[in-house]
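Here the structure comes first, spelled out in structure tokens, and everything after it is commentary.
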Amino acid sequence: MKIHSVAGEVAVEQVQKTMIHEHLVFDLSGVRNDTDSILENNDALNLEIEKLKVNGCNTLIEVSNMGMGRDAQSLYDISQAFNLVIVASTGWYKESFYPDYVFTTSKEDLAAKMISDLTVGMDGTSIKAGLISEIGSSLNEITPTEYKVFEAAIQAQKETGAPLSTHTEIGTMGKEQLAIFKNHNVNLKKISFGHQDLNLNFEEQCLILDSGAYMQFDTVGKNRYRKDEDRADNLVALLNKGYEDQLMLSCDITRRSHLLSNNGYGYSHLFTVFVPMLKERGVSDEVIEKMLVLNPRKFLAY
Ligand SMILES: [Zn+2]
Numbered sequence: 165m166k167i168h169s170v171a172g173e174v175a176v177e178q179v180q181k182t183m184i185h186e187h188l189v190f191d192l193s194g195v196r197n198d199t200d201s202i203l204e205n206n207d208a209l210n211l212e213i214e215k216l217k218v219n220g221c222n223t224l225i226e227v228s229n230m231g232m233g234r235d236a237q238s239l240y241d242i243s244q245a246f247n248l249v250i251v252a253s254t255g256w257y258k259e260s261f262y263p264d265y266v267f268t269t270s271k272e273d274l275a276a277k278m279i280s281d282l283t284v285g286m287d288g289t290s291i292k293a294g295l296i297s298e299i300g301s302s303l304n305e306i307t308p309t310e311y312k313v314f315e316a317a318i319q320a321q322k323e324t325g326a327p328l329s330t331h332t333e334i335g336t337m338g339k340e341q342l343a344i345f346k347n348h349n350v351n352l353k354k355i356s357f358g359h360q361d362l363n364l365n366f367e368e369q370c371l372i373l374d375s376g377a378y379m380q381f382d383t384v385g386k387n388r389y390r391k392d393e394d395r396a397d398n399l400v401a402l403l404n405k406g407y408e409d410q411l412m413l414s415c416d417i418t419r420r421s422h423l424l425s426n427n428g429y430g431y432s433h434l435f436t437v438f439v440p441m442l443k444e445r446g447v448s449d450e451v452i453e454k455m456l457v458l459n460p461r462k463f464l465a466y
């Protein structure tokens, strides 16, 4: 069981504090029609990474996929320059971001493309993906094409054993995504539900966790969507119900204006602001270590 990083397989013990759902280099400017949604390998990113390393974070899970401006070579270069474990992703995001071919390609061929990314390399390189992500649904619906991508992703998961994490739009459709995985007899220990800190339905969060799957509180710092204080209270409530072995954390940085160089909160907000909030609420160092280190190791290894 290894973690499949952009620089090859690494032993699970090499993985320290981990951000489970991030974007380092990507480009959503075409769909969003604004240049704020371009992240590049530049000085602004270097500053972020130096601060992360000071905070003990050495592993970044990069969930940009096909259609999101994924850049395998840059991820490899960053991993080498900073001695980081970076795991790259294969898959397609959600309908509004799909490249045209996704609508016309068969489920089997989409699965084959993902399997190739995981076993041969991405985008003409020998740099392999180590995760199927972020596989998404739209707000309050899973479109027919999104359903096809879910089925293709499940096929790729089963053939490779790779982990799979999802995107839920503002936390919606988690229960419906779970139903797809259950109907296809997926090993839920290899599945993680994204953006569930934006799901205000506590019962549904518990239902998803009762399946044995992982869950991400991965929009930490996005106070416009939900205040971190509420996010922390929600997380503590789930911890108090005993789900500490299934929860993982991240910030999902997606804009230049989120970066420290542009007076944003930066990736390290997770460690410098949110973790202290959890400690204030009585969460132990041991449980924080589970969410940042041990759970990501278990989820990612195959
Ligand atoms: Zn997302």
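Using our numbering, the first residue of the sequence shown is number 165, and each one after it goes up by one.
Even for Gly, the Cβ is constructed at its ideal location relative to N, Cα and C.
Fair warning: this is a prediction, and the values are worked out from it, not measured in the lab.
Among the residues of its own chain, which have a CB less than 8 angstroms from the CB of Val-179, if the five just before and after it don't count? By 1-based counting over the sequence shown, the position of residue 179 is 15. Hits under 8 angstroms: Ile-167, Asn-222, Thr-223, Val-249, Val-457, Pro-460, Arg-461, Leu-464.
Could you spell out where the alpha helix (DSSP H) holding Leu-411 opens and where it closes? Start at 1 with the first residue of the sequence shown, and residue 411 comes out as number 247. Premise fails: Leu-411 lies in the beta strand (DSSP E), 411-413, not in any alpha helix (DSSP H).
Would the stretch 292-299 count as touching the stretch 329-340 if we require 3 or more Cβ pairs under 8 angstroms? yes
Considering Tyr-265, what are the terminal residues of the alpha helix (DSSP H) in which it resides? Locating residue 265 in the sequence shown gives position 101, where the first residue counts as 1. Its alpha helix (DSSP H) spans residues 265-268.
Specify whether the stretch 252-271 and the stretch 310-317 touch according to this definition: at least 3 beta carbon pairs, one from each stretch, less than 8 angstroms apart. yes
CA-to-CA distance, Lys-386 to Leu-434, given in whole angstroms: Locating residue 434 in the sequence shown gives position 270, where the first residue counts as 1. Locating residue 386 in the sequence shown gives position 222, where the first residue counts as 1. Approximately 11 angstroms, taken between the alpha carbons.
For a test of the three-state rule: what should DSSP assign to Asn-306, helix, strand or coil? As a working mapping, residue 306 is identified with position 142 in the sequence shown. Correcting the residue identity first, residue 306 is Ile in this sequence and not Asn. Residue state, collapsed to three classes: coil.
Three-way DSSP call (helix, strand, coil) for Val-457 in this model: As a working note, residue 457 is residue 293 in the sequence shown. Correct three-state label for Val-457: helix.
Buried or exposed, going by whether 16 or more other CB atoms sit within 10 Å of the CB of Val-284? As a first step, residue 284 must be located in the sequence shown, where it is residue number 120. So Val-284 ends up on the exposed side.
Please identify the residue among Ser-253, Ile-344, Met-412 whose C-alpha is closest to the C-alpha of Gln-360. The sequence position of residue 360 within the sequence shown is 196, counting from 1. Nearest option by C-alpha distance: Met-412.
Secondary structure of Asn-222, DSSP reduced to three states: Here residue 222 refers to the residue found at position 58 of the sequence shown. Strand, per DSSP.
Near Ala-208, what residues of its chain come up, given a Cβ to Cβ distance below 8 angstroms and the 5 sequence neighbours on each side ignored? On the sequence shown, residue 208 is found 44 positions in, with the first residue counted as 1. Arg-420, Leu-423, Leu-424, Ser-425, Asn-426.
Apart from the five residues on each side of it in sequence, which residues of its chain come closer than 8 angstroms, Cβ to Cβ, to Ala-401? Taking the sequence shown and counting its residues from 1, the one referred to as residue 401 is at position 237. These residues qualify, in order along the chain: Phe-366.
Could you give the distance in angstroms between the alpha-carbon of Leu-282 and the alpha-carbon of Ala-236? Position 118 of the sequence shown holds residue 282. Position 72 of the sequence shown holds residue 236. Cα-Cα distance, rounded: 12 angstroms.
Check whether the Cβ of Asp-191 sits closer than 7 angstroms to any heavy atom of ligand 1, and report yes or no. The sequence position of residue 191 within the sequence shown is 27, counting from 1. No; taking the cut-off as 7 angstroms, the Cβ of Asp-191 has no heavy atom of ligand 1 nearer than that.
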